[in-house]
Structures are given as structure tokens and as C-alpha cells.
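Please read the structure below before turning to the comments.
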């Protein structure tokens with residue numbers, strides 16, 4: 015697996031790598047695949063329980079993660095998977111608002127799923143992306 019390059023950004027990314035044994039992103043050729051990003055503060059890990067703030071922070075964390083892996087951010091994202099507790103109109107509205115903010119020039123493919131629980135008690139959203147870095 016020497017051709018794969020793994021990344022974990024400062025703060026929560028490094029802490030999760032050490033504690034849970036996973037990386038935040040991997041480069042596979044020109045692709046960057048990102049582990050699910052929640053609405054945690056990237057340095058402290060604190061999660062805001064308000065859904066709009068949590069989704070806003072998750073989008074910022076995805077951007078940080080992509081750039082840490084050498085990418086340019088959301089402009090290169092072509093696939094988004096999002097997981098929501100619960101999946102409702104407020105969560106969908108926050109996702110669409112952030113799509114318009116972070117990707118004003120393109121529309122990625124998107125799978126949006128409601129689930130009963132995510133990895134941490136206060137998590138209400140988790141966003142995975144795949145980007146092409148050419």
C-alpha cells in the first residue's frame with residue numbers, strides 16, 4: 015500500500031488517528047477521499063448542538079481536510095455522501111445553503127441518508143466527499 019498517501023489534519027484529525035486508528039483523508043492517484051467530517055471544532059473537538067452551526071462547521075472541516083491532503087478544497091469535490099440525525103427540512107436546507115456557498119460553480123453528485131446515530135453522541139451530521147485533484 016505504499017502508493018497510498020494518508021493524511022490527518024492538526025488537532026482532532028491527529029487525535030482521532032492516534033485514538034481510533036484511522037486517517038482523515040487518503041490520496042489515490044488524482045483522487046482525494048475523505049473520511050466523514052462532523053461539526054466539531056477542528057482543534058478542540060467541541061460540537062455545537064445547533065444543526066445549522068454543526069453543518070456549517072462540517073463543511074469547513076471538509077475544506078480543511080481536502081487542503082491538508084494537498085487539494086484545493088470544495089471546488090474539486092464531485093461526490094458527497096451525508097448522514098443525518100434526524101434527516102429533516104432544516105438539515106436539508108443547511109446542506110443546500112452550504113453547497114451554494116462552497117461550490118457555486120458546480121453541482122456534485124449527492125447521496126443523503128437519515129440514520130439513527132453517528133460516531134459521537136452530539137453528532138447530527140457527517141459528510142464524506144471524493145475530490146479530483148488534477
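Numbering (the numbering used here), first residue to last: 15 to 148.
Glycine included, each C-beta is placed from N, C-alpha and C at the ideal position.
Legend entry - Buried or exposed by the 16-neighbour rule on C-beta atoms within 10 Å, applied to residue 57: It is exposed - the Cβ of residue 57 has fewer than 16 other Cβ atoms within 10 Å.
Legend entry - Selected residue, minimal CA-CA separation from residue 123, among 130, 129, 110, 131: Ranking the options by Cα distance to residue 123, first place goes to 110.
Inset, instruction - Return helix, strand or coil for residue 99, following the three-state DSSP convention. - result: When DSSP states are grouped into helix, strand and coil, residue 99 belongs to the coil group.
Legend entry - Pair within 9 Å by beta-carbon distance, residue 130 and residue 95: The answer is no: Cβ separation not under 9 Å.
Legend entry - Segment contact flag, the stretch 95-105 with the stretch 131-143, C-beta cutoff 8 Å, min 3 pairs: These segments touch.
Inset, instruction - Identify every run of the alpha helix (DSSP H) within the stretch 101-128, keeping only runs that are complete inside it and at least 4 residues long; order them along the chain. - result: Segments of the alpha helix (DSSP H) lying fully in the stretch 101-128: 103-116.
Legend entry - Opening and closing residue of the beta strand (DSSP E) in which residue 20 lies: Residues 19-21.
Legend entry - Alpha-carbon to alpha-carbon, residue 114 and residue 20: Rounded to whole angstroms, the separation of the alpha carbons of residue 114 and residue 20 is 29 Å.
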